[in-house]
Each structure stands twice: as C-alpha cells, then as structure tokens.
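*Asks:*
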Amino acid sequence: MGTPSDKKLIDENGLRLDGRGPDELRPIRIRTDVLERADGSAMIEWGGNKIIVAVYGPREAYPKHTQDIERAVIKARYNMAAFSVDERKRPGPDRRSVEISKVISEALTAAVMVEQFPRTQIDVFIEVVQADAGTRIASLTAASVALANAGIPMKDFVVGCTAGKVEGKVVLDLSKEEDNFGQADLPMAVLQKSGEVVLIQMDGELSKEEFDSAVAMIMDATKRIHEIQRNALVEKYQNIEAGGEE
C-alpha cells in the first residue's frame, strides 16, 4: 500500500515527508494551568496532536470498595473526542481507550508517591482534541506535568516518545503517515531519573539491532522532552513572580 499522496515516506536525501531527519522530534509545546477548576492541568501540542489533561485529588476514593488502605489509586481516563480524527469517531469509551487508560494509570502510579495518600484516588482526565500519531505517549508526558502542577508529590517524571521503522530505516517520533504506512511502531515511556521503563508496546516487527537502535533514539529524546516538561513548570512560577513584582 502506498502513501495517500504516493510520495516516498523518506526521500533520497534521507528526509521524511515533513522535512525531518531520522532522529528529529516534531515541535512540542507544553503549557500548565489551562483549566481553572482542576487541581492541576496541562495542554500539550506535539506535532498535530492537541491534548488537554486535568488532575483532581488526592481525594477520598469512592465507592469505598475501590480504596487501597496502603496507597492512593490513580485513575486515568483517556478519551479521544469524536472530532479529533479525520473520520468522525463514535463518542464514548472503546476498547482502545480503555486499554490506553489502564497503561497510563500504571505508568503514572510508578512516578507518584502514592504511599503518602492511603484510601484516596487521584483522577487524571485526558482529552485528545486533535490526534496526529503518538497520542498515548503525548498524553503520558502531559499528565506527568499536570500532576506536578497539582502539587502532588512525585518520585520522578514520566516522559516518553515513539520510534519505528519506515521504508527499512529506524526513525524517531512517527508522524501520522509514518504510523499508518510504516513497518513498525514502538511507543515507550520511562521514569526520567532512573530510566525505569514504565510503558513499552510494539506494533510490527523489528530486528534486535533495529530495536536497540530505536530504544537508544527514544532514551536520548526523553532527555530533550523532559527539558520541555521542566520549562513548562518553571515558566508558571516565573509568571507568578513577575505578577508579584508589578
């Protein structure tokens, strides 16, 4: 199957459809405090993705049978708006969104000091308003910022990226066309300080050498992406200080 435009995904100069080299990220921007009524919030624009995350809690877990007497329970709810994709999506949760909600909940649990808040829950609402490949990784990256924005104690930041194989070459941060028409897709998320892998999935086939190359690309990219996470939070406090000086 060819691309929609029948153009090569990687040209003879090694450049991709959007002009990037193999190890280049799409543009990423993260903002905090985008929702007034949430305890913490963030918006991420990653390529053509636009995703809003709202965090509430910790608060008493309800119903009570869902409580854990030793720690907080993180409940992530990932949802793609019906208008977020070209072909209108049926509203409401589907099998994919339930699965992504689960893996995001597990990844964030590894980063948050959940043992400090027994019998409580922390709700993380993720709304994809525009989708453009890599939404689960972008959602996790933004959710980590939203949790920090809410003042919830964290051991580490979760930060992720994707890599994959396109026309026989390993490339970083797949675009929509590369995700749809490439040969493999590897989303991965880690705890920034420890490097512990908290999410890894793969669609397609990679050789061991290709897999190792993709992982190395992702690990290098997470350092760059974490700087964007950090700067989003620093910018918030700089704005507060600037407002206090006036």
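Quick note on my numbering: the sequence shown kicks off at -16 and runs consecutively.
We put the beta carbon where it would ideally sit given N, CA and C, even for glycine.
Everything numeric in this text was worked out from a predicted model, so none of it was measured.
1. Do Asp186 and Asp168 have their C-beta atoms closer together than 8 Å?
2. Could you tell me which uninterrupted beta strand (DSSP E) segments, each at least 3 residues in length, are contained entirely in the region 88 to 122, listed from first to last along the chain?
3. Considering Asp168, what are the terminal residues of the alpha helix (DSSP H) in which it resides?
4. So, does the region 84 to 102 touch the region 31 to 39, judging by three or more C-beta pairs under 8 Å?
5. Enumerate in chain order the residues of its own chain whose CB-to-CB distance from His209 is below 8 Å, with the five nearest sequence positions on each side excluded.
6. Exposed or buried, what is Phe66 when buried is set at 16 or more other beta-carbons lying within 10 Å of its beta-carbon?
7. So, for Ile120: in the same chain, excluding its five sequence neighbours on each side, which residues have a beta-carbon less than 7 Å away from its beta-carbon?
8. Just reading off the beta strand (DSSP E) that Glu298 is part of, what are its end residues?
9. What residue from Thr124, Gln166 and Glu150 has the CA that sits closest to Gln212's CA?
10. Return the bridge partner residues of Tyr61 from the DSSP annotation.
11. Under the assumption that Asn230 contacts Asp6 (Cβ atoms under 8 Å), give the Cβ distance between them as a whole number of angstroms.
12. Cβ of Ala230 within 8 Å of Cβ of Ile13?
13. Could you give the distance in angstroms between the alpha-carbon of Ser122 and the alpha-carbon of Val128?
14. With 16 as the cutoff for other CB atoms within 10 Å, does Glu161 come out buried or exposed?
15. Bridge partners for Ser24 per DSSP, in chain order?
16. Leaving aside the five residues before and after Ile183 along the sequence, list all residues of the same chain whose C-beta is less than 6 Å from its C-beta, in chain order.
17. Just verifying my parser: in three-state terms, what is the DSSP assignment at Ile135?
18. With DSSP collapsed to three states, give me the class of Ile83.
*Replies:* Let's see:
1. For the pair Asp186 and Asp168, the CB atoms are nearer than the 8 Å cut-off.
2. Complete beta strand (DSSP E) runs here, min 3: 103 to 113.
3. Asp168 -> not in any alpha helix (DSSP H); beta strand (DSSP E) instead, spanning Ala167 to Leu174.
4. The region 84 to 102 is not in contact with the region 31 to 39.
5. Excluding the 5 residues flanking it on each side, His209 has same chain C-beta neighbours closer than 8 Å at Phe140, Val142 and Gln175, in chain order.
6. Looking at its Cβ environment, which holds fewer than 16 other Cβ atoms inside 10 Å, Phe66 is exposed.
7. These residues qualify, in order along the chain: Gly143, Cys144, Thr145, Pro170 and Ala172.
8. The chain is shown from -16 up to 229; residue 298 falls before or after that span and cannot be answered.
9. Gln212 has its Cα closest to that of Thr124, out of Thr124, Gln166 and Glu150.
10. Looking at the DSSP output, Tyr61 bridges to Ile109.
11. Since the first and last residues shown for the chain are -16 and 229, residue 230 lies out of range.
12. No answer is possible for residue 230: the residues shown for the chain start at -16 and end at 229.
13. C-alpha separation (whole angstroms): 10 Å.
14. Its Cβ being crowded by 16 or more others within 10 Å, Glu161 is buried.
15. According to DSSP, which records beta bridges pairwise, Ser24 is partnered with Ala37.
16. If we look at Ile183 and ignore the five residues flanking it on each side, its Cβ neighbours are Met171.
17. Annotated three-state conformation of Ile135 is coil, per DSSP.
18. Three-state DSSP puts Ile83 in a helix.
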